[in-house]
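Numbering (the numbering used here), first residue to last: 1335 to 1812.
Set out below in structure tokens:
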């Protein structure tokens, strides 16, 4: 392995170029990533940014030190979908007065937030440094941290927001370079699915900072009446509260570029009078399932928990680390086709690595510089995985390659315990193979045998001495 190292380079959506990463403060590298809106269990598309930015978090900690990186990932727990879910699940209790709407909302969000935390832990993700909840940053705080109401007041005072028809709206025309991130300008803003046009707006692209709440909706007292914040202002407040007016990296999915991230930039820059909100903007690509857009109407909408705990995808449960590897096999900026075949490929690859890592001494070795260099090139995970495969091929009892492989798997968020065999999966595969043999479909029977062998499971055919029936036994091979 070479001793050559390189600096961190990241693709910046704001400039559409790959740039050298230069932190504002090397002893406090700061990253914000938009977290889940906890009205329902997180789906597999939500898992991609969590996994991608977990890898970046691990890399930053490696490069700058574990205590020198602040990673903020928020929880959105105020949202109209959450209100609707609370009314659906607890409508009877709310109507009878035994439960307030705010209490019902808390129950919904606590349940789904807890499930999200359990799911992403199984995916091998570290906890962020800070995980603020939107509801905790609506009103002015005793600790003086930035809050939404104060931020909106600042925008009004600076001439970037106005009150109309009971709402506070951001005036997009007040910001000459609005649209830099998405490369849209005000002249191109048209009425449509993403941009609502209301008579009280000065411009079609103006967006809500604060809206009034009806008696049946949750609300906070404000200078503009009892209401609740718009979606975009939430992240502007929470990012500034923990990372300051300008920070290093802001991440999220490609679908958030417009309008969410564009509007975050507008609010934050105009409220604070800064040239940027974050220096680097990173976005992961879209996810499809078996070549189709994921949607409930197509029946291909899967929560993380469903994939982990039920047999709804490919007829089996999937280990969290297999889901993690399948996500990382495609470069984070590229679209990904999430398929059973990709999961099987990831599972086979992971088994080979872990069998080789099992040859390592008790103490893991050092992460090779080639792994760090690959990840430092805009998170080139596939190049890093090629190094893992090379190490697996060189691994032997107690040697440096096995030790480096073990250290690398740990660094990338994979468990290094000996690969466990899913006995239920093996039993079902054997039953299918025996059915193919009975039907004289030798090609499919051989395919199942070969697939199991690639997973480290060797089949042995024989006859039951008592009945004379064909039986198949199996054993794990390194």
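For glycine and all other residues, C-beta sits at the position ideal for the given N, C-alpha and C.
Discussion item. For residue 1414, report the span of its alpha helix (DSSP H) as first-last.
Written reply: Walking along the chain shown from the start, residue 1414 turns up at place 80. Following the DSSP letters along the chain, one finds residue 1414 inside the alpha helix (DSSP H) bounded by residues 1414–1430.
Worksheet entry | Buried versus exposed, by CB contacts within 10 Å (16 or more), residue 1601 | Looking up residue 1601 in the chain shown gives position 267. With 16 or more other Cβ atoms inside 10 Å of its own Cβ, residue 1601 counts as buried.
Practice prompt. Give every residue of the same chain whose Cβ lies closer than 7 Å to the Cβ of residue 1730, excluding the five residues on either side of it in the sequence, and list them in chain order.
Written response: As a first step, residue 1730 must be located in the chain shown, where it is residue number 396. These residues qualify, in order along the chain: 1693, 1736.
Worksheet item: With DSSP run on the structure shown, which of helix, strand or coil describes residue 1351?
Response: As a position in the chain shown, residue 1351 is number 17, starting the count at 1. Residue 1351 sits in a strand when the DSSP states are folded into three classes.
Worksheet item: Excluding five sequence neighbours on each side, which residues of the same chain lie with their C-beta closer than 6 Å to the C-beta of residue 1798?
Response: Your numbering for residue 1798 matches position 464 in the chain shown. Contacts found: 1805.
Discussion item. Helix, strand or coil, according to DSSP, for residue 1652 in the structure here?
Written reply: Looking up residue 1652 in the chain shown gives position 318. Under the three-state reduction of DSSP output, residue 1652 falls in the coil class, being neither helix nor strand.
Worksheet entry | Whole runs of the beta strand (DSSP E) within the stretch 1453–1529, excluding any shorter than 3 residues | Segments of the beta strand (DSSP E) lying fully in the stretch 1453–1529: 1495–1498, 1501–1504.
Item to complete: Please list the segments of the alpha helix (DSSP H) lying wholly inside the stretch 1717–1779, counting only runs of 4 or more residues, in order along the chain.
Response: Runs of the alpha helix (DSSP H) inside the stretch 1717–1779: 1734–1745, 1757–1772.
Item to complete: Kindly list the residues whose CB is nearer than 8 Å to the CB of residue 1438, restricted to its own chain and excluding five residues on each side of it in sequence; keep chain order.
Response: Numbered from its first residue, the chain shown carries residue 1438 at position 104. Same-chain partners within the cutoff: 1420, 1421, 1423, 1424, 1427, 1428.
Worksheet item: For residue 1341, which residues of its own chain have a beta-carbon under 8 Å away from its beta-carbon, when the five flanking residues on both sides are left out?
Response: As a position in the chain shown, residue 1341 is number 7, starting the count at 1. Excluding its 5 nearest sequence neighbours in each direction, residue 1341 has C-beta neighbours in its own chain below 8 Å: 1354, 1355, 1710, listed in chain order.
Worksheet item: What are the residues that DSSP puts in a beta bridge with residue 1626?
Response: Here residue 1626 corresponds to residue number 292 of the chain shown, with the count starting at 1. Answer by DSSP bridge pairing, in chain order: 1623.
Worksheet item: Which stretch, first to last residue, makes up the alpha helix (DSSP H) that contains residue 1577?
Response: Counting from one through the chain shown, the residue named residue 1577 turns up at place 243. It spans 1565–1577 - the alpha helix (DSSP H) in which residue 1577 sits, taken as one unbroken run.
Worksheet entry | Which residues DSSP lists as bridging residue 1809, in chain order | Numbered from its first residue, the chain shown carries residue 1809 at position 475. Note: residue 1809 sits in a beta bridge opposite 1792.
Worksheet item: In this structure, does DSSP put residue 1410 in helix, strand or coil?
Response: By one-based count along the chain shown, residue 1410 stands at place 76. Strand.
Discussion item. I'd like to check one pair, residue 1802 with residue 1459: are the Cβ atoms closer than 9 Å?
Written reply: Taking the chain shown and counting its residues from 1, one reaches residue 1459 at position 125. Taking the chain shown and counting its residues from 1, one reaches residue 1802 at position 468. At least 9 Å separates the beta-carbon of residue 1459 from that of residue 1802.
Item to complete: Measure the CB-CB distance between residue 1662 and residue 1571 and report whether it falls below 9 Å.
Response: Locating residue 1662 in the chain shown gives position 328, where the first residue counts as 1. Locating residue 1571 in the chain shown gives position 237, where the first residue counts as 1. Against a cut-off of 9 Å, the Cβ pair of residue 1571 and residue 1662 comes out as no contact.
Worksheet entry | Segment contact flag, the stretch 1640–1660 with the stretch 1398–1416, C-beta cutoff 8 Å, min 3 pairs | Result no; under three Cβ-Cβ pairs closer than 8 Å.
Item to complete: Drop a sphere of 10 angstroms on the beta-carbon of residue 1534, count the other beta-carbons inside from all chains shown, and report buried for 16 or more, exposed for fewer.
Response: The residue labelled residue 1534 in the question sits at position 200 within the chain shown. The Cβ neighbour count for residue 1534, taken over all protein chains shown within 10 Å, is under 16; the residue is labelled exposed.
Worksheet item: Are the Cβ atoms of residue 1756 and residue 1669 separated by less than 9 Å?
Response: Working through the chain shown from its first residue, we reach residue 1756 at position 422. Working through the chain shown from its first residue, we reach residue 1669 at position 335. Not closer than 9 Å, so no.
Discussion item. According to DSSP, simplified to helix, strand and coil, what is residue 1637?
Written reply: Sequence index remark: in the chain shown, residue 1637 carries index 303 (1-based). Strand at residue 1637.
Item to complete: Measure how close the beta-carbons of residue 1480 and residue 1575 come, nearest whole angstrom, since I'm counting them as under 8 Å.
Response: If you number the chain shown from 1, residue 1480 lands on position 146. If you number the chain shown from 1, residue 1575 lands on position 241. Taking a contact as a CB-CB distance under 8 Å, the pair residue 1480 and residue 1575 counts as one, their CB atoms being some 4 Å apart.
Worksheet item: Beta carbon of residue 1489, beta carbon of residue 1543: below 9 Å?
Response: Translated into the one-based positions of the chain shown, residue 1489 becomes position 155. Translated into the one-based positions of the chain shown, residue 1543 becomes position 209. The Cβ atoms of residue 1489 and residue 1543 lie closer than 9 Å to each other.
Worksheet entry | Burial state of residue 1436 (16 or more Cβ within 10 Å) | Your numbering for residue 1436 matches position 102 in the chain shown. It counts as exposed.
Worksheet item: Any idea which residues DSSP pairs residue 1584 with across the strands?
Response: Counted from its first residue, the chain shown places residue 1584 at position 250. Paired residue(s): 1366, 1615.
Worksheet item: Thinking C-beta only, is residue 1411 closer than 9 Å to residue 1299?
Response: Because the chain here runs from 1335 to 1812, residue 1299 falls outside it and cannot be looked at.
Worksheet entry | Close Cβ partners of residue 1530 (< 6 Å) along its chain, the five nearest in sequence each way excluded | On the chain shown, residue 1530 is found 196 positions in, with the first residue counted as 1. Its pLDDT being 46, under 50, residue 1530 is placed unreliably by the model, and the measurement read from it follows with that caveat. Here the set comprises nothing.
Item to complete: Starting from the Cα of residue 1714, find the closest Cα among 1559, 1487, 1666 and give me that residue.
Response: On the chain shown, residue 1714 is found 380 positions in, with the first residue counted as 1. Measuring C-alpha to C-alpha distances from residue 1714 to each of 1559, 1487, 1666 identifies 1666 as the nearest.
Worksheet entry | residue 1545, enclosing beta strand (DSSP E) - first and last residue | In the chain shown, the residue the question calls residue 1545 occupies position 211. It spans 1541–1546 - the beta strand (DSSP E) in which residue 1545 sits, taken as one unbroken run.
Fill in: Sheet register partners of residue 1372 (DSSP bridge)
Position 38 of the chain shown, counted from the start, is the residue given in the question as residue 1372. Residue 1372 is not bridged to any residue.
Worksheet entry | Local Cβ density within 10 Å of residue 1586, reported as buried at 16 or more and exposed below that | Here residue 1586 corresponds to residue number 252 of the chain shown, with the count starting at 1. When all chains shown are included, residue 1586 counts as buried.
Discussion item. On the DSSP letters alone, give me the boundaries of the beta strand (DSSP E) that residue 1387 sits inside.
Written reply: The count along the chain shown starts at 1 and reaches residue 1387 at position 53. Per DSSP, residue 1387 lies in no beta strand (DSSP E) segment; the continuous alpha helix (DSSP H) that holds it begins and ends at 1378–1398.
Item to complete: Compare the beta carbon distance of residue 1307 and residue 1628 with 9 Å and say whether it is the shorter of the two.
Response: The structure shown does not extend to residue 1307, since the chain spans only 1335 to 1812, so no value can be given for it.
Discussion item. Once DSSP output is grouped into helix, strand and coil, what is the label at residue 1797?
Written reply: The residue given as residue 1797 occupies position 463 in the chain shown. When secondary structure is reduced to three states using DSSP, residue 1797 falls in the strand class.
Discussion item. Less than 6 Å between C-beta atoms, sequence neighbours within five positions excluded: which residues of the same chain meet that for residue 1500?
Written reply: For the purposes of this step, residue 1500 is identified with residue 166 of the chain shown, where counting begins at 1. So the qualifying residues of the chain are 1546.
Practice prompt. Please name the residue or residues paired with residue 1403 in a DSSP beta bridge.
Written response: The residue you call residue 1403 lines up with position 69 of the chain shown. Paired residues: 1363.
Worksheet item: Looking only at its own chain, which residues have a Cβ that is under 7 Å from the Cβ of residue 1700, when we skip the five neighbours before and after it?
Response: Taking the first residue of the chain shown as position 1, residue 1700 is located at position 366. Excluding residues within five positions, the ones whose Cβ falls inside 7 Å are 1738, 1741.
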